[in-house]
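K.L.:
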Amino acid sequence: MKIKVSLIHLSLDSYLGTSGNCPDGDSGKPTSSNIDFRPTVSPSRPIPIPTSSPTSPPTRPPTRPPTQPTTTQLPASGGDLLPSECGFSSAGQTRIFFGEDSPLGAYPWIALLGYTSRFQPQVVWGCGGSLINSRYVVTASHCTAEEFTFNRDLTVIRLGEHNLSTEIDCESRGGRRTCAPPHQTFTPVEIIRHSDFNSRGTVSDDIALIRLDKEVEFNAFVGPICIPPPTTDLTTFLGNRQAFVAGWGATERGPDTQILQQVRIPFVSRDECNPHYNNALLPEQVCFGGDGRRDSCFGDSGGPVVAPAPGGGSFLLLALVSFGQPSCGVEGVPAVYTSMAAYRSWILENIKP
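Here it is in structure tokens:
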């Protein structure tokens with residue numbers, strides 16, 4: 013038997029009131045329990061995932077970047093704790109609702125967070141995160157707070173993961189078979205939640221840093237993502253381009269997936285998004301999605317929204333999955349994300365060698 017990915021996701025109901033509907037339809041739950049976080053057992057042989065559907069995006073692999081992509085120029089970081097060489101994807105420019113299996117190595121910065129408790133010693137996979145240097149992962153603060161994880165402790169961070177059902181991840185494209193090194197496993201030695209988390213507003217300042225117990229070994233399948241400058245304006249940065257969100261959360265084909273998923277999502281302006289959330293969004297919260305039911309979903313919380321710098325080159329971490337509607341992929345309704353540009357200074361103030 014295999015424990016599949018469990019799910020953490022904040023919904024609209026938990027944002028707007030003290031009680032609301034759970035993702036499974038139950039009503040009257042307090043906001044701290046309005047999250048689906050439960051182990052689900054599946055046969056050791058995973059259920060095959062269809063490769064396409066009438067509404068699936070094209071399956072043609074994304075264009076690979078140049079062998080030596082241009083490094084994005086970012087502000088100097090204190091003590092050089094944020095690397096200048098970052099955001100390189102093995103699969104190039106290529107959650108996850110109406111999405112698709114991601115190419116192997118497309119998101120070398122993505123982290124998978126696992127939880128245990130005294131009564132549940134077996135690891136339950138819940139949230140996502142992003143590697144920002146050799147010792148730190150950034151994620152949503154609600155993924156690290158016991159009141160949002162039903163008193164489960166974050167105990168495992170995995171990097172270099174792609175397919176949860178295989179020990180060694182391989183992929184065949186264009187007649188060539190590529191295999192990634194084994195995933196790397198870490199334990200958290202320090203968790204730094206933003207001091208204003210859930211205080212300026214429900215789910216405000218939804219960001220946390222996780223210090224790993226040892227140095228990460230970088231390779232083509234494990235590497236850090238770039239943090240954008242504080243002055244980054246997403247409308248200008250993206251232009252007509254869409255961003256990518258990735259995770260192992262729920263898809264339209266079932267509750268959760270063994271293979272890392274990806275989907276393109278459009279940036280949505282504050283004027284368009286705010287009315288969907290009681291006009292209560294903070295400046296540090298941004299919106300994506302609402303286009304053709306493409307969305308992040310349960311289990312994607314804390315995961316990355318990324319896009320390459322204009323003209324190609326390094327990928328930047330634009331936002332973290334935070335919360336959304338009780339039902340994922342609601343047509344015309346975007347989800348809410350934590351802006352990374354708004355917290356670059358906070359990150360630099362809190363990381364150490």
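Numbering follows the working numbering, in which position 318 of the sequence shown is assigned residue number 330; successive positions increment by one, without gaps.
Just so you know, even glycine gets a beta-carbon here, dropped at the ideal spot from N, CA and C.
For clarity, every value in this text was computed on a predicted model and none was experimentally measured.
1. For V12 and F100, what's the separation of their Cα atoms in angstroms?
2. Mind checking which residues open and close the beta strand (DSSP E) that includes L166?
3. Let me confirm a value: D1 is counted as buried when at least 16 other C-beta atoms fall within 10 Å, else exposed. Which label applies?
4. Residues bridged to T350 by DSSP?
5. Compute the Euclidean distance between the alpha carbons of P320 and F131, then round it to the nearest angstrom.
6. For P200 versus I222, is the C-beta distance shorter than 8 Å?
7. If you count every other CB in all the chains shown that lies within 10 Å of the CB of I239, and 16 or more means buried, which is it?
8. What is the DSSP secondary structure of Y119, reduced to helix, strand or coil?
9. Below 8 Å on the Cβ atoms is my guess for G314 versus G141; work out the distance and round it to an integer in Å.
10. Taking the alpha carbon of L124 as the reference point, which residue from C98, L171 and A331 has its own alpha carbon closest?
11. Whole angstroms is fine: what's the gap from T161's alpha carbon to F209's?
12. I'd like to check one pair, L94 with I144: are the Cβ atoms closer than 8 Å?
13. Let's test the definition: count the other Cβ atoms within 10 Å of the Cβ of C191 and tell me whether it reaches 16, buried, or not, exposed.
14. Does DSSP classify N145 as helix, strand or coil?
15. Beta-carbon within less than 8 Å of D165's beta-carbon, same chain only, minus the 5 sequence neighbours each way: which residues are those?
16. Where V399 and V215 are concerned, what is the direct C-alpha to C-alpha distance, given to the nearest angstrom?
17. What does DSSP give as the partner residues of Y127 in its beta bridges?
18. Return yes when the Cβ of V317 is within less than 8 Å of the Cβ of A331, no when it is not.
19. With DSSP as the reference, please indicate the residues paired to T366 in a beta bridge.
20. Between D245 and Q134, what straight-line distance do the alpha-carbon atoms span, to the nearest angstrom?
21. Name the DSSP beta bridge partners of A319, please?
22. Straight-line CA distance for H288 to S96?
23. Where do the ends of the beta strand (DSSP E) carrying F198 lie?
24. Between A232 and S102, what straight-line distance do the alpha-carbon atoms span, to the nearest angstrom?
25. Could you spell out the range, first to last residue, of the alpha helix (DSSP H) harbouring C285?
P.N.:
Quick look at the numbers:
1. In this structure the chain extends from 13 to 365, so residue 12 is not present and cannot be described.
2. If you look at L166, you'll find it in the beta strand (DSSP E) that goes D165 to L171.
3. Residue 1 lies beyond the range of the chain shown here (13 to 365); nothing can be said about it.
4. Its beta-bridge partners are Q297 and L332.
5. Distance between the alpha carbons of P320 and F131: 43 Å.
6. For P200 and I222, yes; Cβs fall inside 8 Å.
7. Burial call: buried.
8. Y119 falls in the coil class under three-state DSSP.
9. G314 to G141, Cβ: 5 Å. Contact.
10. It is L171 whose Cα lies nearest to the Cα of L124.
11. If you take the alpha carbons of T161 and F209, they lie about 15 Å apart.
12. Going by C-beta atoms, I144 is nearer than 8 Å to L94.
13. Label assigned to C191: exposed.
14. For N145, the secondary structure class from DSSP, reduced to helix, strand or coil, is coil.
15. Cβ-Cβ distances below 8 Å link D165 to Y127, T128, S129 and E158 in the same chain, with the five nearest sequence neighbours on each side left out; the list follows chain order.
16. This structure cannot speak to residue 399, because the chain is shown only from 13 to 365.
17. BP columns for Y127 point to V136 and L166.
18. Their beta carbons are under 8 Å apart, which means A331 touches V317 by this criterion.
19. In the structure displayed, the chain extends from 13 to 365; residue 366 sits before or after that span and is not available.
20. One C-alpha to the other measures close to 42 Å.
21. Answer is L328, bridged to A319.
22. Straight-line Cα distance between these residues: approximately 37 Å.
23. Looking at the DSSP string, the run of the beta strand (DSSP E) that includes F198 is Q196 to F198.
24. Straight-line Cα distance between these residues: approximately 6 Å.
25. Segment R282 to C285, the alpha helix (DSSP H) holding C285.
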